[in-house]
Amino acid sequence: MKILINSEMRCGSRWLHYLLAELYDMGVSPEVDRDRLLSEEHKLRNFLDNNRIAKIHHATTVEVFQNLKPLDYKIITVVRNPRDRIVSKAFHTKYHPRLKEEFRSDFEAVKHFVYSDYTKKANLRQFEQMSDGYSTRNHTKTNLPYIWTTYEWMLDNIVREVSAIDKFLGENTPLSRITTVCNAHSFKARTGRKQGSEVRQDTWRRKGIIGDWINWFNLKMFKDTKCDQSLYWEKVIMNKGKDND
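Heads up: the sequence shown runs through residues 159 to 403, numbered per my numbering.
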């Protein structure tokens with residue numbers, strides 16, 4: 159079995175990476191970014207060929223399919239509400255021990271990522287994954303080797319999401335085994351706290367509480383991110399992941 163996890167940063171792909179590695183007794187690979195997809199394609203291939211789950215950031219699924227051949231692997235993409243991802247990225251960048259970009263305040267860091275070119279490109283990539291692929295809620299719709307889930311769905315019911323991914327991979331792992339591994343990698347088990355009790359100080363690893371963006375966006379920032387893509391996101395989440403016909 160060859161698995162590649164593809165997502166933007168701050169969407170929970172590391173969580174899924176380690177969970178699936180334990181579930182299937184596989185190794186994990188270092189993260190590979192989009193710029194290395196072409197120049198170091200052979201390393202991704204090496205990970206896949208040596209029982210390791212590969213992971214890549216910032217590449218669209220189409221780019222992966224075009225540049226990583228032969229097509230004998232399956233891709234799992236994790237997407238996330240863009241506004242919450244912006245807040246998490248801002249904290250990650252401001253407080254990361256090696257990055258520590260200078261911002262006057264947490265709000266200024268969030269504002270920076272609302273308007274950065276990086277964010278616009280990342281959001282477009284996320285929506286391309288959602289519009290071109292198919293979700294864990296509708297994983298029998300197509301025979302493409304590609305499925306996507308969301309950070310929100312994983313927090314809501316990780317066993318359900320992993321069970322859908324397991325079926326997509328054709329593994330038919332017993333539900334008891336999936337439940338045991340998911341419990342070992344639950345939010346509380348991984349962080350030592352309940353959801354909703356986020357510590358705000360110096361938390362570069364924080365993913366943040368779902369909907370936390372409302373505590374950081376002013377009205378202008380909200381309106382400026384109310385784009386067609388955000389509306390599409392809201393439609394997908396509110397409709398439980400039903401794919402377009």
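Built from N, CA and C at the ideal position, the CB exists for glycine as well.
Inset, instruction - Pull up the distance between the alpha-carbon of residue 360 and that of residue 289, whole angstroms please. - result: Indexing the sequence shown from 1 puts residue 360 at position 202. Indexing the sequence shown from 1 puts residue 289 at position 131. Reliability of the predicted coordinates at residue 360 is poor, the pLDDT of 48 falling under 50, and the value obtained from them is presented with this limitation in mind. Rounded to whole angstroms, residue 360 to residue 289 spans 35 Å at the Cα level.
Legend entry - Buried/exposed call for residue 403, threshold 16 Cβ in 10 Å: Counting from one through the sequence shown, the residue named residue 403 turns up at place 245. Because the pLDDT of residue 403 is 34, which lies under 50, any placement of that residue in the model is unreliable, and the number read from its coordinates should be weighed accordingly. With fewer than 16 Cβ atoms within 10 Å of its Cβ, residue 403 is classed as exposed.
Legend entry - Terminal residues of the alpha helix (DSSP H) in which residue 344 lies: To locate residue 344, count along the sequence shown from 1; it is residue 186. Unbroken run through residue 344: none, as it is neither H nor E.
Legend entry - Of the listed residues 194, 166 and 303, nearest to residue 242 (C-alpha basis): As a working mapping, residue 242 is identified with position 84 in the sequence shown. Closest by alpha carbon: 166.
Inset, instruction - Specify the secondary structure class of residue 161 as computed by DSSP and reduced to three states. - result: In the sequence shown, counting from the first residue as 1, residue 161 sits at position 3. Note: residue 161 maps to strand in three-state DSSP.
Inset, instruction - Can you say whether residue 338 is buried or exposed, counting buried as having 16 or more other CB atoms within 10 angstroms of its CB? - result: For the purposes of this step, residue 338 is identified with residue 180 of the sequence shown, where counting begins at 1. Counting Cβ neighbours within 10 Å, residue 338 comes out exposed, since fewer than 16 surround it.
Inset, instruction - Determine contact between the stretch 263 to 272 and the stretch 180 to 198, defined as no fewer than three beta-carbon pairs at a distance below 8 Å. - result: no
Inset, instruction - Output the distance between the C-alpha atoms of residue 312 and residue 318, rounded to the nearest integer angstrom. - result: Here the question's residue 312 lines up with position 154 in the sequence shown. Here the question's residue 318 lines up with position 160 in the sequence shown. Their backbone Cα atoms lie some 8 Å apart in a straight line.
Inset, instruction - Determine the closest residue to residue 169 out of 373, 283, 209 and 263, with distance taken between C-alpha atoms. - result: The residue given as residue 169 occupies position 11 in the sequence shown. Ranking 373, 283, 209 and 263 by Cα distance to residue 169 puts 283 first.
Inset, instruction - Taking 8 Å as the cut-off, decide whether the C-beta atoms of residue 405 and residue 178 are in contact. - result: Residue 405 lies beyond the range of the chain shown here (159 to 403); nothing can be said about it.
Inset, instruction - Determine the closest residue to residue 216 out of 227, 225, 223 and 190, with distance taken between C-alpha atoms. - result: Reading the sequence shown from its first residue, position 58 is the one you call residue 216. Per the Cα distances, 190.
Inset, instruction - Leaving aside the five residues before and after residue 222 along the sequence, list all residues of the same chain whose C-beta is less than 8 Å from its C-beta, in chain order. - result: Here residue 222 refers to the residue found at position 64 when the sequence shown is read from its first residue. Cβ within range, chain order: 162, 164, 195, 214 and 233.
Inset, instruction - Pick out the complete alpha helix (DSSP H) segments inside the stretch 251 to 330, 4 residues or longer, and give them in chain order. - result: 264 to 273, 275 to 290, 309 to 314 and 316 to 327
Legend entry - Cβ-Cβ distance between residue 344 and residue 333 below 8 Å: Translated into positions along the sequence shown, residue 344 becomes position 186. Translated into positions along the sequence shown, residue 333 becomes position 175. In this structure, residue 333 does not lie closer than 8 Å to residue 344 by Cβ.
Legend entry - Segments of 3+ residues assigned as beta strand (DSSP E) that fall wholly inside the stretch 163 to 192: 185 to 191
Inset, instruction - Find the nearest neighbour of residue 274 within the set 383, 331 and 238, judged by alpha-carbon distance. - result: Along the sequence shown, one-based indexing puts residue 274 at 116. Checking every option, the nearest Cα to that of residue 274 belongs to 383.
Inset, instruction - Determine the direct distance from the alpha carbon of residue 306 to that of residue 293, and round the result to whole angstroms. - result: Numbered from its first residue, the sequence shown carries residue 293 at position 135. Numbered from its first residue, the sequence shown carries residue 306 at position 148. Going from the Cα of residue 293 to the Cα of residue 306 covers about 5 Å.
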